[in-house]
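Counting from 21, one number per residue, gives the positions in the sequence shown under our numbering.
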Amino acid sequence: MSSDFYTTQILPYAAIIIKMCRAYTNSQEDFEDYYQEVCLQIWRSSENFNQQSEWSTWIYRISLNVCLTLLKKKKNNKQHFASDYLPPELVEDSHAFEDESLNQLYDAIRQLSEIDRGVILLYLEEKSYQEIAEIIGTNPNNIGVRIKRIKERLKKILS
21 MSSDFYTTQI
31 LPYAAIIIKM
41 CRAYTNSQED
51 FEDYYQEVCL
61 QIWRSSENFN
71 QQSEWSTWIY
81 RISLNVCLTL
91 LKKKKNNKQH
101 FASDYLPPEL
111 VEDSHAFEDE
121 SLNQLYDAIR
131 QLSEIDRGVI
141 LLYLEEKSYQ
151 EIAEIIGTNP
161 NNIGVRIKRI
171 KERLKKILS
């Protein structure tokens, strides 16, 4: 991956990738592995971007799919990633693991089903129901009801 691609196509959207990876990991090491794999997959699939949606929507979709895939692989113990590199631009953001209230929110989100994690993260990013449906590959009519149920579950978990 060229540094130009990373700087222009990934780094401006790093917050999206960070939030998605945090929702699917429990440790800094896993977070770094997921982040690195998402960036790699964005680079690999960039030629397939057909501009029918926004680049940020593409980033969300790849991030979610990679996180779900890695989570499934980890559950099946078929693959282990090792990484000791986190780009310097993200070191500041990685310290969010030290924020206790944010950790509580992510802990609650991690207790949701894998797809519901993605839905609530997209909702918190103020994505429209249409955008959320496009990213996760479902019907936009179901998103509103799903978000209401997710919020109720999060309230119970956090109380």
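We treat Cβ as the ideally placed atom computed from N, Cα and C, and that holds for glycine.
Treat the numbers as computed from the prediction; the structure is a model and nothing was measured.
Item	Value
Assign Asn-161 to one of three DSSP states: helix, strand, or coil.	helix
Below 8 Å, how does it come out for the region 77-89 and the region 119-130: are there three or more Cβ pairs, yes or no?	no
Looking at the unbroken alpha helix (DSSP H) that takes in Gln-77, where does it start and where does it end?	Looking at the sequence provided, one finds Thr at residue 77 rather than Gln. Per DSSP, Thr-77 belongs to the alpha helix (DSSP H) from 75-96.
Compute the Euclidean distance between the alpha carbons of Asn-161 and Tyr-149, then round it to the nearest angstrom.	8 Å
Tell me whether Ser-179 is buried or exposed, calling it buried when 16 or more other Cβ atoms sit within 10 Å of its Cβ.	exposed
Would Asp-24 be called buried (16 or more neighbouring beta carbons within 10 Å of its own) or exposed?	exposed
Given Tyr-33, which residues of its chain have a CB within under 8 Å of its CB, disregarding the five upstream and five downstream residues?	Trp-75, Ser-76, Ile-79
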